[in-house]
Amino acid sequence: MEIVIGKNAGFCFGVKRAAEEAYRCLETGVDCATLGPLIHNPQEVERLRQAGIGCVDSPDEVNQGQTMIIRSHGAAPEVYAEAERLGIPVIDATCPHVAAIHRLVMEYSSDGSAVIIVGEAKHPEVRAIAGWAQGDVCILNDPKEAEAAQLPGRALVVAQTTLRREHFESVLDVIRTRVPDLTVRSTICAATSQRQEEAEKLSSEADVMIVVGGHNSSNTNKLYETCRQRCERSYLIETADEVPSCDIRQTDRVALTAGASTPQWLLNEVAQRLEHLFD
Ligand code: SF4
């Protein structure tokens with residue numbers, strides 16, 4: 001069996017940075033909790049929990065004396081204000097790319113102008129971006145929603161960073177026909193598109209494509225969809241224990257990729273399990 005691992009698989013810059021902040025807290029003895037799971041990966045979240053870094057849903061759940069880490073998805077201004085009101089120290093691990101979107105949205109909407117976000121309304125990154133808008137916000141996930149929504153005459157359009165470019169363009173095509181005065185900023189992250197493009201190439205050349213990542217991770221699921229379109233035997237697995245359930249034959253060329261929230265140690269475990277699959 002041949003095993004190929006994607007060079008862009010795993011943690012992106014923003015997630016790596018947030019994880020490093022958390023591990024630095026552990027090393028330096030800073031008692032902290034993350035606001036929401038630091039990473040959309042249950043195994044890594046559990047590893048952090050066992051090491052002493054728990055997860056809270058809101059600043060008022062942070063224990064006395066604890067520091068709150070804001071993850072790479074960022075948070076709305078109200079969250080910072082609430083932490084300050086409660087006297088909770090904050091480590092802000094918002095990805096710089098996401099923080100730039102916050103500034104863009106805040107500046108554009110400072111006169112009350114509307115902002116349209118193309119992305120998933122429930123995604124924490126999208127919710128945080130929406131929180132920085134000073135005027136109306138409209139969140140559109142697909143062309144149908146763009147056709148049905150009540151849209152303003154003037155707006156800024158930004159994208160959830162993990163969107164596929166073609167998907168963003170398909171929603172944008174509808175918005176363009178409906179909003180006369182439109183400012184478009186394609187805020188899709190290059191890390192995501194590089195991983196997607198690499199996954200497209202790997203899956204079109206592989207017999208079996210394995211995507212390692214959390215089932216709850218948006219970018220991992222998108223990566224899996226991309227692979228499945230090109231390789232029928234594509235699998236999304238969370239841990240090495242799931243390797244035996246994949247249909248893999250000894251002569252197969254197996255390619256591996258991982259979502260932006262998948263830690264390197266998990267990817268290595270899967271690769272090792274594959275290496276010993278036919279021992
Ligand atoms: S995907 Fe891009 S924008 Fe999102 S956290 Fe990673 S580097 Fe930052």
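Residue numbers for the sequence shown follow this note's numbering, beginning at 1 and rising by one. Just so it is clear, CB atoms sit at the ideal spot from N, CA and C, and this is done for glycine as well.
Shown here, Ala-258 sits in a strand according to DSSP, grouped into three states. Selection around the ligand SF4 by beta-carbon proximity, strictly under 6 Å to any non-hydrogen atom, yields Cys-12, Phe-13, Gly-14, Val-15, Ser-72, Cys-95, His-97, Val-98, Thr-161, Thr-162, Cys-189, Ala-191, Thr-192, Ala-260 in chain order. It is roughly 15 Å from the alpha-carbon of Ala-128 to the alpha-carbon of Leu-140. Membership of Ile-175 in any beta strand (DSSP E) is not indicated; the residue belongs instead to the alpha helix (DSSP H) covering 165-178.
Taking each of Val-254, Asn-221, Val-105 in turn and checking the Cα distance to Ala-133, the smallest one comes out for Val-105. In the three-state reduction of the DSSP assignment, Val-62 falls in the coil class.
Beta-bridge partners assigned by DSSP to Thr-183: Leu-156.
Take the alpha-carbon of Ala-260 and the one of Gly-10: they are about 5 Å apart. DSSP places Met-106 in the helix class (H, G or I) of the three-state scheme. CA-to-CA, the gap between Val-98 and Thr-251 works out to about 43 Å. DSSP, reduced to helix, strand and coil, places Cys-95 outside both helices and strands of the structure shown, so it counts as coil. DSSP places Cys-25 within a helical segment (H, G or I) once states are collapsed to three.
Counting C-beta pairs closer than 8 Å gives fewer than three between the region 223-237 and the region 52-63, which falls short of the contact rule. For Val-126, the uninterrupted alpha helix (DSSP H) run begins and ends at 124-131, by DSSP. By the neighbour-count definition (other C-beta atoms within 10 Å, threshold 16), Ala-81 is an exposed residue. If you look at Ala-33, you'll find it in the beta strand (DSSP E) that goes 32-35. In this structure, Tyr-108 places its C-beta atom within 8 Å of the C-beta atom of Thr-183. In the displayed model, Cys-231 falls within coil according to three-state DSSP, outside both helix and strand. If the five residues before and after Val-15 are omitted, its C-beta is found closer than 8 Å to the C-beta atoms of Ile-39, Ser-72, Cys-95, Ala-260, Ser-261, all from its own chain and listed in chain order. Within its own chain, the residues whose Cβ lies closer than 6 Å to the Cβ of Ala-255, once the five positions on either side in sequence are excluded, are Val-4, Leu-202, Ala-206, Met-209, listed in chain order. Approximately 6 Å separates the beta-carbon atoms of Ile-88 and Pro-59; this is inside 8 Å, confirming the contact. Taking Val-56 as reference, the option from Gln-66, Gln-43, Gly-36 with the minimal CA-CA separation is Gly-36. At the C-beta level, Val-118 and Phe-168 come within 8 Å of one another. Counting of Cβ neighbours within 10 angstroms places Pro-263 among the buried residues, the total reaching 16 or more.
In the structure shown, Gly-14 falls within a helical segment according to DSSP collapsed to helix, strand and coil. Ile-101 is positioned such that its CB atom lies closer than 8 Å to that of Val-158.
In this structure, DSSP gives Ala-83 a helical state, which the three-state scheme calls helix. Arg-253 carries a strand assignment under DSSP once its states are collapsed to helix, strand and coil.
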